[in-house]
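So the structure is just underneath, and the comments pick up after that.
Now the structure itself:
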């Protein structure tokens, strides 16, 4: 595949996007339902492609698990598509309208972004999820998945495109870059046809996209989340929240990586929280003060405070007060999700006001930062930037606005 | 000034931003009123600095006019600040709130972006405007104006910072990069402390920022706007709108650069529209078909269709139908403002649905794309991108959201 092929994909995507943008909601929903059926009907072929990918893949079991498809997982992807069909159409909305002083009627409509680029790792489910969410929101999508999942993604894209064609829909609404070279990925990051590029994956991928791309990017996913246990915290609640945020699914971005604890309760609380974490196999690292309380905590290095482990590891710091906790968080967090456990009204308010993050929790686990848990019914990623979308992104994050202005001959004085 | 000094400015700005974000609306308004008074009190010194800048400046009269300050213009800038004080505080808002299935109360609050970077040309008024809008929205601002206005900007920033200090407010809420080197400008585009960088100025400046910056950018201002005169258009309305959009203020981004006209009315309408434009000194360029109707129109080259003249020049194209007009616009526009003049209901609808631009007008001049004309009471720029803000940006464009979540011990199942 050449750079010119990529440009052609962009042109084709723009054309498909304009067609999708004019489609009514019922049509889009019916397309999604048919795509789901055809996806399930293609299970045998999809499985065969996935087996081929698996035979070439590295042996890291976490990696393998993300790459693996099963008939059940394919059925789940189809169910996800049917679920997207039931969600409200984010582009069927006029946000607001008003008449200006010159008598113009100005309406602020929600419209699709146009062409969405997705760049992600070896997770074939992202291929189907992104296709469904983009189609529902009236966007064409160009997908560039990890090389290890290439055969699976090619087959998935083939099934979806065939289904669109059969339905009389422009198949270029869903396109896959079937060349996994880095050179082409870089060209993708400069592709003018893209209205937005969304990277999904590890910190390395995201940073490469942010540094390279000249098209607008929505940064997602890096999560160095903290739980701060205040002096007024209920101990059992603190244990429950810290353990849940750390161990319930340690590989994801909304799990907690750091524990901060107020020095006045550290001697009492820390041994109990540490024991609870260790009973779930968590490796503990910590500062000097925490190691004075629980002596076999591994010394944390400066690097630990900025590291997202995505693993059963947690670093602990004893802080003298609320403001120190906030200052530490603002200096080291990724602006994703932060939590305080407290019974102090003023401390809760101060924490929520001063911590700079997409989601700031009082007395709850950071694991709730998720499009489904928030009630959005879908998720295209979790934005860690402040522009356009912040926090869990549902269908609405795939739209922009258009001012539609109706006059009767107005000119500017 | 060194890269390290710039990093220190970023750190100072972050600190100031956190203080501003906690300030109540009345305090911010009172600060703005005092800033306006002190600005007027500094008129003599500001004028002296501006005279120094003028003595060094190039001779292009358009350029000189933008650089020039007068006591009246300083009074206008002060009046603008007082006007900003009367606007609603965009961060005093909770957009919405709900309880999720786990019983968490999730509130979506409006919060300041944090640190705003502005990079602009030799227009000292942008220094004051941006400072006022950022302060009102709770953001710290780092300003980097054109080198030709350096003395003026230094004096303006000095007056504003002194005033803040006198009022007991952290003066680092308003900082100016007093070194106009390109090397430092480039470092500014990578400054991690920036939550957003907004370039204001010509297409070259904006493209340089978009290509260089690794911090989030909001593209502003490039405007290659079209007026399409449909076959059903009222001739007099078409003349009024085309003339207004072209000549009322040709140097700005929302003025029209291109005229498209339906072939079935071209022979009748074009000579009259051309005569009206020429009576205002407009140079006409055009395609073959237009030159067959008005023979002394200068031949347009391919480059004309993509050029923003910012001058009394207009290029004309005769199109066979509405769809050709829309296709031409979508291929050449800058996604800014486009207009149709028509009395045909279906044509109006199709044009507004299919043209990809921030503002799509029926029967009105594109010159209305403006924060004040829209009723926003202020304008920090006009976004031509689809992310975060699109079209005229008022105070709200300088905010983001924060999810503030209150629970009573919820953990994820």
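Protein chains in written order, with the UniProt record's numbering: chain U, 1 to 413; chain C, 1 to 413. Positions of the beta carbon are idealized from the N, C-alpha and C atoms, including for glycine. Note that the structure is predicted; figures quoted are calculated from it, not measured.
Is it true that the stretch 241-253 of chain C meets the stretch 283-291 of chain C, where meeting means three or more beta-carbon pairs spaced less than 8 Å apart? They do not touch, by the three-pair rule.
Are the beta-carbon atoms of residue 180(U) and residue 398(U) separated by less than 9 Å? Going by C-beta atoms, residue 180(U) is not nearer than 9 Å to residue 398(U).
Would you mind reading off the limits of the beta strand (DSSP E) that contains residue 408(C)? First-last of the beta strand (DSSP E) with residue 408(C): 399-410.
Can you look up residue 38(C) in the DSSP assignment and give me helix, strand or coil? In the three-state reduction of the DSSP assignment, residue 38(C) falls in the helix class.
Is the distance from the Cβ of residue 356(U) to the Cβ of residue 114(C) below 9 Å? Yes, the Cβ-Cβ distance between residue 356(U) and residue 114(C) is below 9 Å.
May I ask you to list, following chain order, the residues of the stretch 290-321 of chain U that have a beta carbon less than 8 Å from some beta carbon of chain C? Correct list: empty, as no residue qualifies.
Which residue wins for smallest C-alpha separation from residue 80(C), given the options 372(C), 383(C), 390(C) and 391(C)? Residue nearest to residue 80(C) within the set 372(C), 383(C), 390(C) and 391(C) is 372(C) (criterion: CA-CA distance).
On a Cα-Cα basis, can you pick out the residue from 287(U), 313(U) and 296(U) that is closest to residue 224(U)? Checked all of 287(U), 313(U) and 296(U); the closest Cα to residue 224(U) is 313(U).
Would DSSP call residue 293(U) helix, strand or coil? When secondary structure is reduced to three states using DSSP, residue 293(U) falls in the helix class.
Closest Cα partner of residue 245(C) within the set 83(C), 339(C), 343(C) and 105(C): Relative to the Cα of residue 245(C), the nearest Cα in the group 83(C), 339(C), 343(C) and 105(C) belongs to 339(C).
For residue 349(C), count neighbouring C-beta atoms within 10 Å of its own C-beta (all shown protein chains included) and say buried if the count is 16 or more, exposed if not. Counting C-beta atoms within 10 angstroms of its own C-beta, residue 349(C) has fewer than 16 neighbours from the protein chains shown and is therefore classed as exposed.
Could you confirm whether any beta carbon from chain U is found closer than 9 Å to the beta carbon of residue 277(C)? Taking Cβ atoms only, chain U never reaches closer than 9 Å to residue 277(C), which makes this a no.
Cβ closer than 7 Å: which chain U residues qualify as neighbours of residue 408(C)? Correct list: 363.
Please name the residue, chosen from 354(C), 266(C), 31(C) and 124(C), that lies closest to residue 147(C) on a Cα-to-Cα basis. Closest in C-alpha terms to residue 147(C), from the list 354(C), 266(C), 31(C) and 124(C), comes 124(C).
Report the rounded CA-to-CA distance for residue 227(C) versus residue 205(U), giving the unit in angstroms. Here the alpha carbon of residue 227(C) sits roughly 43 Å from the alpha carbon of residue 205(U).
Unbroken alpha helix (DSSP H) run spanning residue 324(C), endpoints: Going by DSSP, residue 324(C) is part of the alpha helix (DSSP H) stretching over 322-332.
Starting from residue 114(U), follow the alpha helix (DSSP H) in both directions and report where the run begins and ends. Residue 114(U): not part of any alpha helix (DSSP H); DSSP gives it neither H nor E.
Neighbourhood of residue 187(C) by C-beta, 8 Å cutoff - its chain only, sequence neighbours within 5 removed: Taken in chain order, the residues that qualify are 3 and 6.
Can you name the residues that DSSP bridges to residue 339(C)? Answer is 227(C) and 361(C).
Taking buried to mean at least 16 other C-beta atoms within 10 Å of its own C-beta, is residue 166(C) buried or exposed? Residue 166(C) should be labelled exposed.
Just to make sure I have the definition right: I need the residues of chain U whose C-beta is within less than 7 Å of the C-beta of residue 9(C). Which are they? Correct list: empty, because the minimum Cβ distance to chain U is about 17 Å.
Compare the beta carbon distance of residue 298(U) and residue 274(U) with 9 Å and say whether it is the shorter of the two. No, the pair does not count as a contact, with Cβ atoms beyond the cut-off.
Could you tell me which chain C residues have their CB closer than 7 Å to the CB of residue 83(U), listed as they occur along the chain? Neighbours of residue 83(U) on chain C: none; closest Cβ ~15 Å, over 7 Å.
Counting only the same chain and skipping the five closest in sequence on each side, list residues whose C-beta sits under 7 Å from that of residue 193(C). Within the same chain, 10, 11, 13, 14 and 115 come within 7 Å of residue 193(C) by CB-CB distance, once the 5 residues on both sides are set aside.
DSSP on residue 121(C), reduced to helix/strand/coil? If DSSP states are grouped into helix, strand and coil, residue 121(C) belongs with coil.
9 Å Cβ cutoff, residue 101(U) in contact with chain C: With respect to chain C, the C-beta atom of residue 101(U) has a partner C-beta closer than 9 Å.
Taking three-plus beta-carbon pairs below 8 Å as touching, is the stretch 252-268 of chain U in contact with the stretch 286-296 of chain U? Taking a cut-off of 8 Å for Cβ pairs, the stretch 252-268 of chain U and the stretch 286-296 of chain U touch, as three or more such pairs fall below it.
Determine, using beta carbons only, whether residue 427(U) and residue 301(C) come nearer to each other than 9 Å. Because chain U in this structure spans residues 1 to 413, residue 427(U) falls outside the shown range and cannot be described.
Assuming residue 166(C) is part of the alpha helix (DSSP H), what are its boundary residues? First-last of the alpha helix (DSSP H) with residue 166(C): 150-166.
Drop a sphere of 10 angstroms on the beta-carbon of residue 51(C), count the other beta-carbons inside from all chains shown, and report buried for 16 or more, exposed for fewer. Around the beta carbon of residue 51(C), a 10 Å sphere encloses fewer than 16 other beta carbons of the protein chains shown; the residue is thus reported as exposed.
Under three-state DSSP, which class holds residue 250(U)? DSSP places residue 250(U) in coil when its eight states are reduced to three.
Would you call residue 21(U) buried or exposed, if buried means 16 or more other Cβ atoms sit within 10 Å of its Cβ? Residue environment: residue 21(U) is assigned as buried (16 or more neighbouring CB atoms within 10 Å of its CB, all protein chains considered).
Give a yes or no on contact between the stretch 155-164 of chain C and the stretch 30-39 of chain C, applying the rule of three or more CB pairs nearer than 8 Å. In short, these stretches touch, since the Cβ pair count reaches three.
Test item: CB-CB of residue 100(U) and residue 63(C) under 9 Å: No, these two residues do not count as a Cβ contact at 9 Å.
Cβ-Cβ separation, residue 233(U) to residue 343(U) (assumed contact under 8 Å), whole Å: Rounded to whole angstroms, the Cβ separation of residue 343(U) and residue 233(U) is 7 Å, and the two are in contact under 8 Å.
As assigned by DSSP and simplified to three states, the class of residue 307(U): Taken through DSSP and simplified to helix, strand or coil, residue 307(U) comes out as coil.
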